[in-house]
Amino acid sequence: MLGRRVVLPPGRRTSPFEALGTFAVVAALLYFGAGIIVPLVLATLLAFALTPLVTWLNRRLHLPDPVAVVLAVLVAILILATLAGITGLQVARLGQQMPAYQETVTTKLHGLQEQFGGGAVLERINETVTDLTEQLSASGSPEAPVEGRPVPVVVSNDSGPFSLLSSVLGSIVGPVATVAIVIVVLIFLLLGRADLLDRFIRLVGSSDYAKANIAIADASKRVGRYLLVQLAVNCTYGFLFGLGLWLIGVPSAVLWGLLIVVFRYIPFVGALIIAIVPIFLAFAVDPGWNMLILSIGLFMVLDLTTANVVEPRLYGSSTGVSPIAILLSAMFWATLWGPVGLILATPMTVCLVVIGRHLPQFRFLETLLGSEPVLTPPEQFYQRLLKGNTQSAVETMEDYVAEHGKPAFIGEVAMPALRLASAELTDRPEALEQRRQLTDSLEIVLEELDEADAPEGRLVLLVGGRSEMDEAAARLLALQLCEKGVPTKVLPPLAITPEALGRLELDGVSAVAMVFLGADFRSHARYVSRRLRASAPGLSLVVCALGEQPDGLTADKLHLDAIYRSDGEAIRELEQAWQAGTIDCPDSVRSASSRTAMADDALISAELEKIAGEFDVPVASLNLLDDERHMADADAHQLTEIIATSAEPLVVTAKSEDPRFAKNSYLQFNGIHLYAGVPLILPTGEVIGALALLDYEEHAFGPEAVTQLQHRAASLVTKFAEHARVTPQPS
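Letter by letter, the sequence shown follows residues 22 to 752 of my numbering.
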């Protein structure tokens with residue numbers, strides 16, 4: 022069965038329980054195999070750090086590879102041994118000096134106790150300092166017998182030099198063995214780095230050598246650069262810290278400088294752990310408070326400057342790991358491997374992120390741990406609007422505008438975010454609340470974005486095609502046109518509904534642009550263009566189709582002058598058309614539009630326009646229960662049915678808390694802020710429909726207005742009985 026491949030079923034995904042089980046097994050192996058894995062990881066990281074030195078010895082000094090490897094390892098061992106020796110001497114000297122500081126500490130603590138009173142805590146601190154001093158002074162020498170104190174007697178079977186040698190070897194054999202293993206593995210890794218590289222490529226990239234090579238090169242570059250840069254930063258930090266402590270007068274300043282170099286490899290808290298000790302010594306050595314204050318100030322200035330100024334500039338994106346990932350990885354590796362895990366946490370996490378970036382099966386590692394944004398700017402902006410996080414959305418807008426400019430934000434962030442919203446938030450009832458929250462948040466962002474005064478002159482009228490998303494897209498186009506000096510006006514979808522088209526103000530308008538984000542606009546755009554061609558034959562009519570578009574759609578088929586298929590094209594062409602005064606329109610389109618103009622009922626339309634004018638609203642609508650056109654819109658027909666069933670007036674505003682109306686898609690999608698309807702009642706008492714007033718702005722509508730609208734509905738039924746297919750009874 023050699024060469025046979027096992028193909029998993031398509032779409033097979035790992036369940037959460039399988040992933041959790043795999044993680045538990047790996048964590049257990051890392052924990053119980055720490056004795057083997059930790060030296061191997063240490064050797065691997067040292068190999069990353071020493072590889073540039075070995076390469077330099079090979080190329081510049083022309084040394085054979087084995088000689089270069091041994092020389093590089095010896096240099097590293099010599100440096101580490103020197104630092105360890107200096108540290109040991111400093112610790113021994115500090116132990117001898119500690120008893121001399123006891124009197125100063127005791128005097129300070131008594132002074133604080135007298136100043137603040139009730140110093141039980143300070144007394145315990147004093148006792149702790151005394152005990153610590155006695156232990157340090159007694160270390161390395163036999164305890165002298167004290168008069169009146171019994172001498173402890175220890176019975177032991179071990180005696181002689183062999184027992185002493187066994188005890189000493191038992192305490193040092195573990196660390197020495199670990200160091201020896203690390204050195205041996207390091208040498209073999211450096212000597213066989215080319216062969217190991219080939220084997221790793223074969224293991225993880227057998228199907229794609231190019232990606233495997235890129236991943237290895239990226240990991241080597243990032244980890245090597247991180248180790249070298251952090252070593253340089255830590256050494257500079259330690260030198261300045263030690264020098265500052267020496268100038269201040271803190272004992273063993275060299276020791277604290279060396280230790281802080283090592284402990285700064287521990288993320289976030291390493292430097293603080295070491296800095297506490299010299300700060301305490303400054304408290305113990307100086308009878309006054311100057312040394313303590315200067316030591317604290319030195320640490321704060323150095324640490325804040327390094328963490329907030331130096332490291333961000335030097336590291337840049339060299340690690341590619343987010344701060345929260347570094348913190349979590351430090352906790353994870355410290356739990357598994359103790360202090361060594363803290364030091365190794367960041368380099369190992371960098372390797373995992375690089376693996377996830379280049380190997381598809383580990384892509385989740387980059388998503389979880391990487392510092393690169395997992396969402397694009399439009400997706401981030403869309404998510405903030407969707408959650409109603411208006412402040413964050415405004416900040417995103419301001420940052421992007423400050424860096425790239427307003428047109429770039431509109432075209433690269435806001436418009437793509439609206440396309441996402443239009444595609445995801447359909448006209449389903451469960452999505453209405455999200456649509457409303459998104460549009461409310463976007464309205465605030467656009468108010469912050471639109472700060473310039475609108476230019477004056479002939480208008481380009483931008484109308485949202487079918488929904489409030491289309492209206493928002495129209496507003497974005499208007500902002501871009503205003504930036505170019507083109508006067509604009511934006512209207513909601515309600516303005517081009519059949520009921521409102523007769524009241525559409527076209528005076529001073531040079532072009533009407535219907536904006537659609539969705540693909541279903543063919544019939545709606547054709548109907549509006551026919552009506553407008555009949556009422557204003559010389560008007561330029563265009564469609565801005567900013568979303569998915571039907572195949573084979575042309576301007577001629579919709580009786581339009583043009584169809585713009587991107588926001589950039591729409592801005593460019595509308596600006597040029599406004600400057601020229603008109604948009605070129607084929608004569609065949611205009612004549613065809615005039616010939617196919619819809620025939621309206623002039624009497625009813627005129628009466629409805631008169632009613633709308635009386636109540637100062639843009640639309641008055643006559644909705645009959647058995648009208649097929651009205652029944653086609655289920656949510657609008659639902660409002661009429663409610664009025665007909667109750668035979669009572671119904672007034673709904675955008676802020677209505679009634680759940681039946683707050684999620685009505687007819688009101689939401691058309692941007693209706695006021696719906697006021699009264700029943701159309703025949704003399705027989707039968708309700709045949711409703712007379713409704715619609716407004717897309719806030720509008721007060723009190724009891725007196727409701728009564729007046731009821732009178733107009735009664736007169737409308739009497740006056741146009743034949744149009745309502747009823748015969749009024751004689752009074």
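Ideal placement from N, C-alpha and C gives every residue a C-beta, glycine not left out.
| Asked | Found |
| --- | --- |
| DSSP beta-bridge partners of leucine 646 | Leucine 646 pairs with nothing; no bridge assigned. |
| Distance CB(alanine 546)-CB(valine 530) smaller than 7 Å | no |
| Pick from Thr509, Val484 and Gly486 that is closest to glycine 478, judged by C-alpha positions | Thr509 |
| Cβ-Cβ distance between proline 399 and valine 434 below 7 Å | yes |
| Contacts around proline 60, its chain only, beta-carbon distance under 7 Å, and the 5 residues preceding and following it disregarded | Thr199, Ile202, Val203 and Val206 |
| Glycine 539 classed as buried or exposed, judged by whether at least 16 other C-beta atoms fall within 10 angstroms | buried |
| Burial state of proline 87, where buried means 16 or more other Cβ atoms lie within 10 Å | exposed |
| Contacts around leucine 512, its chain only, beta-carbon distance under 6 Å, and the 5 residues preceding and following it disregarded | Val484 |
| Where the alpha helix (DSSP H) containing glycine 278 begins and where it ends | 274 to 284 |
| Under 7 Å between C-beta atoms of valine 271 and proline 299 | yes |
| Three-state secondary structure (DSSP) of phenylalanine 537 | strand |
| Residue environment, glutamate 492, which counts as buried when at least 16 other CB atoms sit within 10 Å | buried |
| Distance, phenylalanine 537 Cα to alanine 618 Cα | Interpretation of alanine 618 is limited by its pLDDT of 35, a score under 50 that renders its predicted location unreliable; the figure taken from the coordinates is listed afterwards. Those two C-alpha atoms are separated by around 23 Å. |
| Continuous alpha helix (DSSP H) stretch holding isoleucine 664: start and end | 655 to 667 |
| Residues bridged to glycine 561 (per DSSP) | For clarity, residue 561 is serine in the given sequence; the question names glycine instead. Serine 561 is bridged to Ala532. |
| Through-space distance from leucine 363 to glycine 213, alpha-carbon basis | 28 Å |
| Reduced DSSP category for valine 481 - H, G, I as helix; E, B as strand; rest coil | strand |
| Stretch pair the region 257 to 265 + the region 273 to 292: three plus CB contacts closer than 8 Å | yes |
| Unbroken beta strand (DSSP E) run spanning glycine 710, endpoints | 708 to 716 |
| Local conformation of isoleucine 584 per DSSP, three classes | strand |
| Lysine 578: first and last residue of the uninterrupted beta strand (DSSP E) it sits in | Per DSSP, lysine 578 belongs to no beta strand (DSSP E) and is neither H nor E. |
| Contact belief for leucine 406 with alanine 438 at Cβ below 8 Å, rounded distance in angstroms | 7 Å |
| Whether glutamine 455 touches leucine 441 by CB criterion (7 Å) | no |
| contact_flag[the region 541 to 557, the region 517 to 532] where n(CB pairs < 8 Å) is 3 or more | yes |
| Beta-carbon spacing of aspartate 716, leucine 695 below 7 Å | yes |
| Buried versus exposed call for isoleucine 57 [16 or more other C-beta atoms within 10 Å across all chains shown] | exposed |
| Closest by C-alpha distance to alanine 566, when choosing among Leu671, Ala576, Leu110 and Arg586 | Arg586 |
| Inter-residue spacing [alpha-carbon to alpha-carbon] between leucine 280 and histidine 83 | 36 Å |
| Buried versus exposed, by CB contacts within 10 Å (16 or more), serine 162 | Any reading at serine 162 needs caution, since the residue's pLDDT is 47, under 50, leaving its predicted position unreliable; the model's value is listed next. Label assigned to serine 162: exposed. |
| Cβ distance (whole Å) where alanine 713 is taken to contact serine 642 below 8 Å | 5 Å |
| Residue range of the beta strand (DSSP E) that includes lysine 510 | 509 to 512 |
| Beta-carbon gap between alanine 93 and valine 75 smaller than 7 Å | yes |
| Beta bridge counterpart(s) of valine 59 as assigned by DSSP | In the DSSP output, where bridge partners are listed per residue, valine 59 has none listed. |
| Glutamine 404 versus phenylalanine 430 - alpha carbon distance | 16 Å |
| Proximity to alanine 633 [Cα-Cα], best of Arg524, Glu504 and Ile347 | Arg524 |
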